[in-house]
Amino acid sequence: ETADWTLLVQGMEAWHPAAAKVLSWFRFIPDARLDDLMISIAGPGGGVGPHFDSYDVFLIQMSGRRRWKISEQTDLSLSPDLPLKILQNFQQEQEWDLEPGDMLYLPPQIAHDGIALDAGCQTWSVGFRAQSYKELIQEGLWRLAESLENVPDLEKRFADPKQKATTSPEQLPNELSKQIAVLLRNLKLDQVETFMPGVAAYLSEPKPQAIFTPPVDTLDIGQFKALLSKQALVPHPQTRLLALGKTIFCNGDDVTLGQTPFTQKAWQSLAAKRLLKGSGFSASNPEDSLFEAYLAGWLIFAPNTFRGSITGN
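Note that the working numbering gives residue 571 to position 11 of the sequence shown, counting from 1, and the numbers run on in steps of one.
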């Protein structure tokens with residue numbers, strides 16, 4: 561067998577049930593922090609080279625053995641002219657040989673170099689998300705601005721009938737600042753509770769490469785209701801669900817806004833349990849967000865049948 565080769569496959573949880581199962585074991589960590597599961601397959605001597613990650617990672621040895629060299633060095637300068645971010649001056653401090661069933665946790669910024677010791681070496685990496693505060697604030701502000709499109713008070717125009725003659729025309733009028741401050745307070749735009757829905761919507765967006773395929777044999781709302789009484793509804797492997805209190809965001813959308821209490825509760829069950837037992841589904845509106853998510857391919861029916869309710873009992 562040819563040595564010194566490595567194959568990396570990212571996002572395996574979207575394509576392989578076993579990978580999705582392994583990723584589910586890490587739900588003791590908030591879903592907003594989980595990213596994906598990457599599989600690294602290598603021949604003897606194979607590896608990507610010494611590097612570091614900007615996020616936490618769990619390295620699970622599935623087959624073969626891999627030797628990990630670790631360093632807490634502060635010099636994280638990269639080798640120039642390489643397509644990968646390989647450390648220029650890696651200085652090993654510790655070393656472990658991982659066998660099948662072993663797992664190694666590495667915090668962010670810890671330099672590491674994994675080298676396969678056997679043929680068919682396979683390591684599964686559970687990676688986490690670590691957005692910059694700049695990214696979170698910018699994305700949250702953008703969505704907050706979008707949410708203000710239909711606020712009646714914001715359609716009114718600024719007026720300052722009591723403005724006196726000024727000797728400093730280049731300065732913004734004080735009345736403008738005062739009125740904007742009042743609007744911000746009235747709309748609670750100065751409070752984090754108003755800002756966080758935009759952040760939650762952003763974090764629930766699927767990956768750019770995610771593909772959702774509508775069902776081949778599309779059901780109408782009545783057929784959907786009948787099938788839901790027999791089969792579990794589950795998120796598509798590439799669907800992201802997050803909760804902010806009782807508000808649920810699915811693939812970037814607030815799917816509980818304006819929905820019936822049943823549908824809201826159903827989404828809460830889906831977010832918490834990744835499964836919906838829907839024998840109590842009673843919606844007849846084709847615009848029900850559960851039905852719309854099914855039509856978009858965001859939710860799919862699990863193959864096994866059962867009887868139950870959305871209570872999760």
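The C-beta atom is built at its ideal place from N, Cα and C for all residues, glycine as well.
Quick caveat: nothing in here was measured; it's all calculated off a predicted structure.
Under a CB-based cut-off of 7 Å, is residue i close to chain D?
i: Gln731; result: Here there is only one protein chain, and chain D is not present.
Rounding to the nearest angstrom, what Cα-Cα distance links residue i and residue j in this structure?
i: Tyr615; j: Pro846; result: 42 Å
i: Leu619; j: Ser737; result: 53 Å
i: Ile870; j: Leu788; result: Its pLDDT being 42, under 50, Ile870 is placed unreliably by the model, and the measurement read from it follows with that caveat. Rounded to whole angstroms, Ile870 to Leu788 spans 10 Å at the Cα level.
i: Ala671; j: Thr634; result: 9 Å
i: Leu859; j: Leu696; result: 27 Å
i: Leu666; j: Pro660; result: 18 Å
i: Arg627; j: Trp656; result: 6 Å
i: Gly812; j: Pro729; result: 44 Å
i: Phe582; j: Arg800; result: One detail in the question is off: residue 582 reads as Val in this sequence, not Phe. Roughly 17 Å separates the two Cα atoms.
i: Phe755; j: Glu632; result: 37 Å
i: Leu804; j: Pro757; result: 7 Å
i: Ala668; j: Phe772; result: The sequence shown places Pro at residue 668, not Ala. In a straight line, the C-alpha of Pro668 is about 32 Å away from that of Phe772.
i: Leu836; j: Gly857; result: 15 Å
Near residue i, what residues of its chain come up, given a Cβ to Cβ distance below 8 Å and the 5 sequence neighbours on each side ignored?
i: Lys806; result: Thr816, Gln824, Gln828
i: Val878; result: Because the chain in this structure spans residues 561 to 873, residue 878 falls outside the shown range and cannot be described.
i: Gln723; result: Pro733, Glu735
If we count the other Cβ atoms within 10 Å of its Cβ and call it buried at 16 or more, is residue i buried or exposed?
i: Asp641; result: exposed
i: Leu658; result: buried
i: Ala574; result: buried
i: Thr683; result: buried
i: Lys833; result: exposed
i: Val686; result: buried
i: Met572; result: buried
i: Leu568; result: exposed
i: Ile808; result: buried
i: Leu850; result: buried
Just to check, is the beta-carbon of residue i closer than 6 Å to a non-hydrogen atom of the ligand PLP?
i: Asp595; result: Ligands displayed in this structure: none; no statement on the ligand PLP is therefore possible.
Only counting the same chain, and skipping five residues up and downstream in sequence, which positions put a Cβ closer than 6 Å to that of residue i?
i: Ala592; result: Leu763, Leu802
i: Pro577; result: none
Sorted by chain position, which residues of the same chain lie with C-beta nearer than 7 Å to residue i's C-beta, five sequence neighbours on each side aside?
i: Lys748; result: Thr754
Give the list of continuous alpha helix (DSSP H) stretches no shorter than 4 residues that lie fully inside the region 711-773. 734-746, 752-763
Could you pull out every unbroken alpha helix (DSSP H) segment of at least 4 residues lying fully inside the region 653-720, listed in chain order? The qualifying runs are 693-706.
Check whether the region 690-710 and the region 752-761 touch, using three or more Cβ-Cβ pairs below 8 Å as the test. yes
Ignoring anything shorter than 4 residues or poking outside the region 586-646, list the alpha helix (DSSP H) runs there in chain order. none
In chain order, which continuous runs of the alpha helix (DSSP H) of length 4 or greater are located wholly inside the region 786-849? 821-833
Hey, is the region 705-716 in contact with the region 644-654, meaning 3+ C-beta pairs nearer than 8 Å? The region 705-716 is not in contact with the region 644-654.
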